[in-house]
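Notes follow once the structure below has been shown.
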Amino acid sequence: MSKLDVSRRGLLRTGAVAGAGLALPTIFTAQSAHAFTNEPTGGTVTLGFNVPQTGPYADEGADELRAYELAVEHLNGGGDGGMMNTFSSKALQGNGILGKKVQYVTGDTQTKSDAARASAKSMIEKDGAIMITGGSSSGVAVAVQALCQEAGVIFMAGLTHSNDTTGKDKRANGFRHFFNSYMSGAALAPVLANAYGKDRKAYHLTADYNWGYTTEEAVKSSTEAMGWDTVAAVKTPLTQTDFSSYIAPVLQSGADTLVLNHYGGNMVNSLTNAVQFGLRDKQVNGKDFQIVVPLYSRLMAKGAGANVKGIFGSTNWHWTLQDEGSKAFVRSFGTKYGFPPSQAAHTTYVQTLLYADAVERAGSFAPCAVAEALEDYEFDGLGNGKTLYRGADHQCFKDVLVVKGKENPTSEFDLLEIVEVTPVEQVTYAPDHPQFSGGALGTCNNGA
Amino acid sequence: MFNLNKKDLSLLIIVAVLTLFAPFILNPFPAGSAMAQFNAGYPDLMQRFVIFGIFAIGFNILFGLTGYLSFGHAAFLGVGSYAAVWMFKLLSMNVIPAILLAVIVSGLFSLLIGFVSLRRSGIYFSILTLAFAQMMFALAYSVLTPITGGETGLQLALNDPRILGVSQTAEGNIPVPGLFGLEMRDSADLVIGGWVFTFNVGYYFCALVLLASFYLAIRIFRSPFGMMLRAVKSNQQRMNYTGLNTRPYTLAAFVISGMYAGLAGGLMASMDPLAGAERMQWTASGEVVLMTILGGAGTLIGPVLGAGFIKYFENIFSKINDNVLHSWFSFLPDGLEDAVVFIIHPFIGKGWHLTLGILFMLVVIFLPGGLVEGGQRIRSWLKNRKTKDNGSASHETNPAE
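Chains C and L supply the protein sequences, listed in that same order.
Under numbering that gives the first Met the number 0, the first sequence has 205 at position 206, and the numbering climbs by one with no breaks.
Under numbering that gives the first Met the number 0, the second sequence has 173 at position 174, and the numbering climbs by one with no breaks.
Here you go:
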């Protein structure tokens with residue numbers, strides 16, 4: 000017979016251990032306890048602003064951050080409300096989002112996919128951000144978009160112009176308000192044909208990375224459809240600062256138009272080189288030699304100085320637009336910071352408002368509900384006229400501005416003039432257009 | 000135990016305790032408090048700590064032992080990540096084959112690059128490795144875009160032809176990397192009072208790999224092979240004159256450290272299945288040099304400390320913004336608050352490089368042996384104080400004979 004010897008101390012000890020064992024699963028909360036990733040439970044909601052604060056696009060990043068701060072101020076009912084007053088949807092009350100005060104965290108993408116993902120991950124894992132937005136390059140946007148899909152939060156892309164963001168690398172949790180390479184090409188081609196004629200020979204210099212490829216392809220196919228010839232398309236390394244060796248062969252090629260598929264510092268340098276070589280004073284095939292820059296920004300125009308005068312390009316938005324939304328935005332941005340906003344600032348501000356509005360309309364922060372509210376949503380009053388957030392690829396469709404370097408700028412901000420507002424019909428394409436094929440949205444992810 | 004002497008064994012145990020209890024150690028502040036900004040105990044950063052720790056340990060086997068300063072080690076890390084992601088795309092989402100392939104491929108690359116570069120020593124060797132790494136970066140960034148994904152990086156897609164496994168989950172998402180069903184991104188939270196401690200599968204996997212690589216590094220340091228490498232560092236010419244061919248030894252060290260880098264790259268891709276070309280840029284190669292020097296080149300634990308130090312600054316300081324500062328100093332009068340924020344502003348947020356640079360200079364100037372030397376100095380200072388306190392009587396016990 001076995002002897003069962005129960006002491007008081009032994010019983011207590013066993014009881015305590017068993018109790019602790021039973022309680023253990025309850026103090027370890029698996030992260031799937033929430034309905035979706037980072038469900039805001041308190042009186043506040045946290046947004047993650049992930050912008051380049053160092054590196055080549057630090058200027059754009061700084062301007063994006065200003066716009067985000069302004070947007071948060073307006074969402075929380077501060078300031079003059081900016082574009083919230085002109086926005087066609089009236090769901091936003093100025094009391095935060097769904098009554099929760101908006102807070103934000105910032106991070107530095109360094110314009111590197113790795114750093115951007117690290118920063119976004121820390122926002123999601125540590126700070127509990129419910130939405131990530133920002134970025135100033137397509138590589139970063141695509142990388143962070145994939146991360147947000149995986150983690151189950153919404154990504155509202157900032158400045159990203161490559162077709163891939165809503166093309167082959169599109170994701171169900173990612174949304175882009177900015178326009179893309181295809182739209183630039185489609186908007187520019189008719190204007191170029193009008194200004195320079197239909198039998199031109201174009202020579203492309205293209206930055207050797209994804210954005211360069213998609214832009215070259217878009218401009219090439221749109222201009223060729225107008226009757227232009229493409230003589231050659233030469234890739235230039237992204238790190239190139241002196242483009243003279245690339246400019247010299249242009250004249251020998253018999254081309255009469257140079258297309259610079261460059262952005263940022265690349266464009267500033269290549270354009271300056273081209274002008275210094277006297278390309279614009281040359282006559283080829285009995286026509287004046289011309290230069291085109293598909294994607295313009297005010298910050299780039301500033302860098303290139305007088306060289307941009309008379310050069311065509313496209314842009315998402317410009318502060319001199321005279322619609323009510325743009326005026327309201329420029330007014331409140333100018334009051335707060337003392338200068339007009341850039342297109343990067345505009346798109347990020349709009350993205351924040353659109354997200355907040357979608358949450359209000361959906362009545363929930365759950366990413367899938369928000370995505371549903373954004374998909375095929377039509378709005379107005381945010382500076383680009385009537386705009387559609389297409390559900391098939393999460394790309395915004397709106398008018399595209401064709402601009403030209405101003406001949407007589409009145410200030411350091413007044414560098415571009417709007418030549419034409421290309422109507423949205425002209426830049427719309429089918430979701431399965433060859434330039435956008437090869438990807439799938441997948442299904443939206445609410446996360447753990 | 001483990002064929003280690005007492006000192007090394009205690010070092011290994013210290014590292015084991017530090018890594019296994021990292022979720023507690025790195026989260027000293029309650030979640031809601033203002034100081035929570037300095038908490039580093041979230042999965043992504045903890046993973047980065049150990050992954051870069053592995054990278055730096057491997058780099059130290061080359062630099063710390065042989066004195067050969069490679070400026071292109073990030074290339075092997077990048078190659079490892081690409082190999083791992085391709086494995087995820089083509090074979091299975093299990094991390095083991097991915098990491099194995101990463102180590103093998105980076106080993107092959109380092110054999111090739113090492114074979115060429117090690118014909119020279121000193122600054123010429125550094126420049127050669129730098130040139131190779133930049134070449135590989137440029138190739139990955141543009142020319143090899145179909146293989147590397149170019150600027151966008153190599154990512155998983157919904158239509159990957161995964162031989163063992165599914166290309167989409169039932170919900171229509173991309174599957175996540177795992178270890179026989181254990182998902183790397185799975186976490187459990189432990190809430191005690193205001194504190195939240197996160198235990199992440201991926202982190203513990205990395206931590207175990209770190210311990211294994213740390214143990215291997217100790218064995219290399221203490222082996223005859225390690226002694227030979229040290230001899231190379233102290234005087235390679237003399238060794239050559241004695242008729243000894245040092246090339247095989249240096250090449251072996253180069254390949255081992257390249258494989259360590261590949262292991263780190265493979266782990267990085269396993270935690271976050273994306274490989275970007277920036278990983279191979281010269282700045283990334285320079286970073287591991289900084290980590291090793293900051294922690295203490297030639298010491299065992301130094302590189303791990305250095306890696307943690309740099310990653311902490313990159314991830315924590317870059318996220319402090321003016322808004323956060325204002326909330327910290329809101330107790331001060333208005334004018335003073337603005338002044339304090341104005342003074343600190345250049346050192347936080349986008350200024351984290353500046354802060355790190357200043358600290359790096361301070362360490363190099365005042366602690367040439369890195370953080371490890373700092374620790375040693377503190378210890379000997381404590382010891383001296385202790386012996387002074389209780390030892391005035393025993394002070395006269397050491398007369399010369």
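Just so it is clear, CB atoms sit at the ideal spot from N, CA and C, and this is done for glycine as well.
| message | By the three-class DSSP mapping on this structure, what secondary structure does threonine 159 of chain C have? | response | The residue you call residue 159 of chain C lines up with position 160 of the first sequence. Coil, per DSSP.
| Mind pulling the chain C residues with CB within less than 8 Å of serine 379 of chain L? | By one-based count along the second sequence, residue 379 of chain L stands at place 380. Those do not exist, as serine 379 of chain L stays about 37 Å from chain C at its closest Cβ, beyond 8 Å.
| request: With DSSP as the reference, please indicate the residues paired to leucine 68 of chain L in a beta bridge. | output: Residue numbering aside, residue 68 of chain L sits at position 69 when the second sequence is read from its first letter. According to DSSP, which records beta bridges pairwise, leucine 68 of chain L is partnered with nothing at all.
| message | Strictly by DSSP, which residues pair up with aspartate 228 of chain C? | response | Within the first sequence, numbered from 1, the residue matching residue 228 of chain C stands at position 229. According to DSSP, aspartate 228 of chain C bridges with C:Lys200.
| task | Spell out a yes or no on whether the segment 271–285 of chain C and the segment 368–387 of chain C are touching, meaning 3 or more CB-CB pairs, one atom from each, closer than 8 Å. | result | no
| Using a Cβ-Cβ distance under 8 Å, would tyrosine 81 of chain L count as near chain C? | Numbered from its first residue, the second sequence carries residue 81 of chain L at position 82. By this cut-off, tyrosine 81 of chain L is not an interface position.
| field | 8 Å CB neighbourhood of alanine 429 of chain C in its chain, flanking five on each side removed | value | Here residue 429 of chain C is taken as the residue at index 430 of the first sequence, counted from 1. Contacts found: none.
| field | DSSP three-state assignment for arginine 456 of chain L, whether helix, strand or coil | value | Since the displayed chain L opens at 0 and closes at 400, residue 456 of chain L lies outside it and no answer follows.
| How many angstroms separate the CA atom of serine 31 of chain C from the CA atom of alanine 187 of chain L? | Counting from one through the first sequence, the residue named residue 31 of chain C turns up at place 32. Counting from one through the second sequence, the residue named residue 187 of chain L turns up at place 188. Bear in mind that a pLDDT of 48 at serine 31 of chain C, under 50, signals an unreliable position, so the number given afterwards is only what the model happens to contain. Taking the straight line joining both Cα atoms gives about 9 Å.
| Along the segment 311–327 of chain L, what residues have a CB closer than 9 Å to any CB found in chain C? | Glu313, Asn314, Ile315, Ser317, Lys318, Ile319, Asn320, Asn322, Val323
| In terms of residue numbering, what span does the alpha helix (DSSP H) encompassing tryptophan 318 of chain C cover? | As a first step, residue 318 of chain C is located in the first sequence; it is residue number 319 there, counting from the start. Neither: tryptophan 318 of chain C is in no alpha helix (DSSP H) and is coded neither H nor E.
| request: Determine the closest residue to serine 244 of chain C out of C:Asp58, C:Gln275, C:Glu215, with distance taken between C-alpha atoms. | output: Counting from 1 along the first sequence, the entry for residue 244 of chain C is found at position 245. Per the Cα distances, C:Gln275.
| Does any residue of chain C bring its CB to less than 8 Å from the CB of asparagine 401 of chain L? | Residue numbering for chain L in the displayed model covers 0 to 400; residue 401 of chain L lies beyond these limits and cannot be assessed.
| request: Please state whether DSSP places alanine 206 of chain C in a helix, a strand or coil. | output: Position 207 of the first sequence holds residue 206 of chain C. DSSP places alanine 206 of chain C in strand when its eight states are reduced to three.
| message | For threonine 222 of chain C, count the other beta carbons within 10 Å of its own beta carbon; 16 or more makes it buried, fewer makes it exposed. Which is it? | response | Taking the first residue of the first sequence as 1, we reach residue 222 of chain C at position 223. When all chains shown are included, threonine 222 of chain C counts as buried.
| said: When you compare the CB of lysine 349 of chain L with every CB in chain C, is at least one pair closer than 8 Å? | reply: Locating residue 349 of chain L in the second sequence gives position 350, counting from the first residue. Yes, its Cβ sits closer than 8 Å to a Cβ of chain C.
| message | Assuming glycine 404 of chain C and alanine 300 of chain C are in contact, meaning their beta carbons sit under 8 Å apart, how far apart are those beta carbons, in whole angstroms? | response | Translated into positions along the first sequence, residue 404 of chain C becomes position 405. Translated into positions along the first sequence, residue 300 of chain C becomes position 301. The Cβ separation is near 6 Å, so the contact holds.
| Just the Cα atoms here: how many angstroms apart are alanine 263 of chain L and glutamine 235 of chain L? | Along the second sequence, read from residue 1 onward, the residue named residue 263 of chain L stands at position 264. Along the second sequence, read from residue 1 onward, the residue named residue 235 of chain L stands at position 236. Each residue's alpha carbon lies about 30 Å from the other.
| task | Decide if aspartate 79 of chain C is buried, meaning its Cβ has at least 16 other Cβ atoms within 10 Å, or exposed. | result | Position 80 of the first sequence, counted from the first residue, corresponds to residue 79 of chain C. By the neighbour-count rule (16 or more Cβ atoms within 10 Å), aspartate 79 of chain C is not buried but exposed.
| C-beta contact flag for valine 358 of chain C and valine 369 of chain C at 8 Å | Residue mapping note: residue 358 of chain C aligns to position 359 of the first sequence, counting from 1. Residue mapping note: residue 369 of chain C aligns to position 370 of the first sequence, counting from 1. Contact flag set, yes.
| said: Here's a check: name, in chain order, each residue in its chain whose Cβ is nearer than 7 Å to the Cβ of arginine 246 of chain L, leaving out the five neighbours to either side. | reply: As a first step, residue 246 of chain L is located in the second sequence; it is residue number 247 there, counting from the start. So the list reads Leu117, once near-sequence residues are dropped.
| query | For glutamine 289 of chain C, which of helix, strand or coil comes out of DSSP? | reply | The residue labelled residue 289 of chain C in the question sits at position 290 within the first sequence. Here glutamine 289 of chain C sits in strand by DSSP.
| task | Determine the DSSP secondary structure at aspartate 62 of chain C, reduced to helix, strand or coil. | result | The count along the first sequence starts at 1 and reaches residue 62 of chain C at position 63. Of the three classes helix, strand and coil, the one that applies to aspartate 62 of chain C here is helix, per DSSP.
| request: Output yes or no for whether 8 Å exceeds the beta carbon distance between glycine 211 of chain C and phenylalanine 435 of chain C. | output: Reading the first sequence from its first residue, position 212 is the one you call residue 211 of chain C. Reading the first sequence from its first residue, position 436 is the one you call residue 435 of chain C. No, they are not a contact pair.
| request: With a threshold of 16 other CB atoms inside 10 Å of the CB of asparagine 94 of chain C, please say whether the residue is buried or exposed. | output: In the first sequence, the residue the question calls residue 94 of chain C occupies position 95. Exposed.
| task | Please report the Cβ distance between leucine 64 of chain L and lysine 232 of chain L, rounded to the nearest whole angstrom; I am assuming they are in contact, meaning their Cβ atoms lie under 8 Å. | result | Within the second sequence, residue 64 of chain L is the residue found at index 65, counting from 1. Within the second sequence, residue 232 of chain L is the residue found at index 233, counting from 1. Sure, about 6 Å apart at Cβ, within 8 Å.
| said: Helix, strand or coil, according to DSSP, for asparagine 199 of chain L in the structure here? | reply: Working through the second sequence from its first residue, we reach residue 199 of chain L at position 200. Correct three-state label for asparagine 199 of chain L: strand.
| query | What residues in its chain sit with their C-beta under 7 Å from that of glycine 106 of chain L, if we drop five residues either side in the sequence? | reply | Counting from one through the second sequence, the residue named residue 106 of chain L turns up at place 107. Contacts found: Val254, Gly257, Met258, Gly261.
| query | If you draw a straight line from the alpha carbon of leucine 381 of chain L to that of valine 84 of chain L, how long is it in whole angstroms? | reply | The residue you call residue 381 of chain L lines up with position 382 of the second sequence. The residue you call residue 84 of chain L lines up with position 85 of the second sequence. Going from the Cα of leucine 381 of chain L to the Cα of valine 84 of chain L covers about 49 Å.
| said: Do serine 135 of chain C and histidine 160 of chain C have their beta-carbon atoms positioned less than 8 Å apart in this structure? | reply: The count along the first sequence starts at 1 and reaches residue 160 of chain C at position 161. The count along the first sequence starts at 1 and reaches residue 135 of chain C at position 136. No, they are not a contact pair.
| task | State the Cα-Cα distance for the pair proline 408 of chain C and isoleucine 98 of chain L, rounded to the nearest angstrom. | result | Your numbering for residue 408 of chain C matches position 409 in the first sequence. Your numbering for residue 98 of chain L matches position 99 in the second sequence. Distance from the CA of proline 408 of chain C to the CA of isoleucine 98 of chain L, rounded to the nearest whole angstrom, comes to 57 Å.
| field | Ordered list of alpha helix (DSSP H) runs contained in the segment 303–376 of chain L, each at least 4 residues | value | 321–327, 333–343, 351–365
| request: Return the Cβ separation of valine 418 of chain C and valine 399 of chain C in integer angstroms, given the expectation that the two are a contact with Cβ distance under 8 Å. | output: Numbered from 1 along the first sequence, position 419 holds the residue referred to as residue 418 of chain C. Numbered from 1 along the first sequence, position 400 holds the residue referred to as residue 399 of chain C. About 11 Å; that fails the 8 Å criterion.
| said: Once DSSP output is grouped into helix, strand and coil, what is the label at lysine 125 of chain C? | reply: Here residue 125 of chain C is taken as the residue at index 126 of the first sequence, counted from 1. Residue state, collapsed to three classes: coil.
| field | Beta carbon proximity, glycine 138 of chain C to chain L, threshold 8 Å | value | Translated into the one-based positions of the first sequence, residue 138 of chain C becomes position 139. Yes, because at least one Cβ of chain L sits closer than 8 Å to the Cβ of glycine 138 of chain C.
| task | Keeping to the same chain, check which residues put their C-beta closer than 8 Å to that of threonine 240 of chain C; ignore five residues upstream and five downstream. | result | Walking along the first sequence from the start, residue 240 of chain C turns up at place 241. Gly264, Asn268.
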